[in-house]
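Before any comments, here is the structure.
Numbering (this note's numbering), first residue to last: 891 to 1383.
Below is the structure:
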């Protein structure tokens, strides 16, 4: 039995049936990490002893009948901006290189209650600011499909770890596409749920009105199981939604008859790679053949999403990152002359270039004389974008399009041109501005053998329609070649 070829739900079933154990699953993952981690650099922290100790406890609870859920005993990874009690949580930044939280994020705790075993913390763009996982203070993560290419970001470590078989699933965070875009680049499934579905308690904030935690998984079934386990109402998070419809695995039905799917013409204009266009439209055709009603429409305001997003996100980031000053926790400069100098040197030495760029941009748009001209105007555009989606969802159940305009770029080609990197988020950021759910799943490979991502967007709290549609497409598409990748596949070619 090759455990690494199993999905998370399949592995949990095998553990429940006594065909394997949580301990054997953790050992298989750790062996895989030992084999591949030096090449891919998916992790910041690997907790070998802690993971084996967790697995032993979880195995006893499974054998006693206390744990019987769809994920019990399955090894997972956590993005390094989600707090984990007693385990290093750095946001891949020098300024938090020695921070060990005393508590765990609510989403992490929910999964642990369901029997998850945490292997370690995954690499990311520093403070989730970036689209390639190259801004990490600990070095870039490589794409397992071809290590000369980026895995996407900012949840690139989580996506790459799932794609490489170094864990069975992972948690990421999505502020403007940071789950869906790396899922697209790495050929895995990634979902950003409706804002408020998963508690943000314990997530180190980038843009508080945009951030949302979500799963990265091998397939849609795993995605639904993870989302179901992680979602909960949380009084500790003032933006948490008290939902009664979080039984997401009930949506796993291979039936899209009558589902109305809209394809925005705005998403298929200049800048979209031809191979991505053909793969995404081919996916729409498969859904139409299964009974979905597919038509094109004009969404509008697409060109305004990027400037509005980066104005709002940078403004919130400049406020959220004020707390990292060298006084309470984290990095502190070795020498300083007074409190003001301590702040300045600590932040100058502790933050990377991309974080400093966004702090400066955020401070500018919030400053006197520019607040109305930039920040308030961006909030008005955000409201107009939400209205455009509301109008679209009055006609359609699902909006279908590409996740990213191209497949994964080569390492080193994005950071030299930040504006080009920002434009790579053009299809994902509007979902965060409107607080909507979105899912990315693989729909093919380009001529270089790199994965292409299909994005499905739903109305607020309509994750079940997304899961149903994604599951039906997955069945029509057939098995994606992740198992070939784990066995050697196209990696490095």
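Glycine is no exception: its CB is placed at the ideal position from the N, C-alpha and C atoms. This one's a predicted model, so the numbers in the text were calculated from it and none came from an experiment.
Cβ-heavy atom distance between residue i and the ligand GDP below 6 angstroms?
i, result
"residue 1225", "As far as ligands go, the structure on display features none, and thus does not contain the ligand GDP."
Could you compute how far the alpha carbon of residue i sits from the alpha carbon of residue j?
i, j, result
"residue 930", "residue 1031", "6 angstroms"
"residue 831", "residue 903", "Because residue 831 is not part of the residues shown, which for the chain are 891 to 1383, the question remains open."
"residue 1377", "residue 909", "Confidence in residue 1377 is poor, its pLDDT being 41 and thus under 50, which makes the residue's placement unreliable; the coordinate value appears in the next sentence. If I take the Cα positions, the gap works out to 22 angstroms."
"residue 923", "residue 1097", "32 angstroms"
"residue 1076", "residue 1215", "35 angstroms"
"residue 1284", "residue 1333", "27 angstroms"
"residue 1278", "residue 1330", "21 angstroms"
"residue 920", "residue 1060", "15 angstroms"
"residue 954", "residue 907", "13 angstroms"
"residue 1148", "residue 1181", "6 angstroms"
"residue 1088", "residue 1230", "38 angstroms"
"residue 1197", "residue 1003", "40 angstroms"
"residue 1302", "residue 992", "36 angstroms"
"residue 1272", "residue 1350", "15 angstroms"
"residue 914", "residue 961", "15 angstroms"
"residue 1354", "residue 1313", "30 angstroms"
"residue 1117", "residue 1106", "10 angstroms"
"residue 1379", "residue 1036", "For residue 1379, the pLDDT reaches just 40, beneath the cut-off of 50, and the residue's location in the model is therefore unreliable, leaving the point undetermined."
Could you give the first and the last residue of the continuous alpha helix (DSSP H) run that contains residue i?
i, result
"residue 1092", "Premise fails: residue 1092 is in no alpha helix (DSSP H) and is neither H nor E."
"residue 1283", "1267-1283"
"residue 899", "898-906"
"residue 1064", "No alpha helix (DSSP H) contains residue 1064, which is instead part of the beta strand (DSSP E) from 1059-1064."
"residue 1201", "1192-1210"
"residue 1017", "It is not in any alpha helix (DSSP H) - residue 1017 carries neither H nor E in the DSSP assignment."
"residue 1111", "1110-1120"
So, are the CB atoms of residue i and residue j less than 7 angstroms apart?
i, j, result
"residue 894", "residue 1055", "yes"
"residue 1040", "residue 1065", "no"
"residue 1047", "residue 932", "yes"
"residue 1007", "residue 1108", "no"
"residue 1166", "residue 1341", "no"
"residue 1068", "residue 1163", "no"
"residue 1027", "residue 1210", "no"
"residue 1236", "residue 1222", "yes"
"residue 1115", "residue 899", "yes"
"residue 1020", "residue 1244", "yes"
"residue 1173", "residue 1344", "yes"
Quick check on the burial criterion: 16 or more other C-beta atoms within 10 angstroms. Buried or exposed for residue i?
i, result
"residue 1011", "buried"
"residue 1387", "The structure shown has nothing for residue 1387, since the chain only spans 891 to 1383."
"residue 1146", "buried"
"residue 1227", "exposed"
"residue 1260", "exposed"
"residue 1120", "buried"
"residue 1258", "exposed"
"residue 1169", "buried"
"residue 979", "buried"
"residue 1250", "exposed"
"residue 1217", "exposed"
"residue 971", "buried"
Following the continuous beta strand (DSSP E) through residue i, name the residue where it begins and the one where it ends.
i, result
"residue 1333", "1328-1335"
"residue 1187", "1183-1187"
Can you tell me the Cβ-Cβ gap for residue i and residue j, rounded? I've got them flagged as a contact below 8 angstroms.
i, j, result
"residue 1025", "residue 1325", "26 angstroms between Cβ atoms; not a contact."
"residue 1294", "residue 1195", "In fact, because the Cβ distance is near 14 angstroms, the residues do not count as touching under 8 angstroms."
"residue 1127", "residue 1155", "At roughly 37 angstroms, the Cβ-Cβ gap does not stay under 8 angstroms, so residue 1127 and residue 1155 are not in contact."
"residue 1014", "residue 1043", "7 angstroms"
"residue 1152", "residue 1362", "Residue 1152 to residue 1362, Cβ: 17 angstroms. No contact."
"residue 1110", "residue 1364", "5 angstroms"
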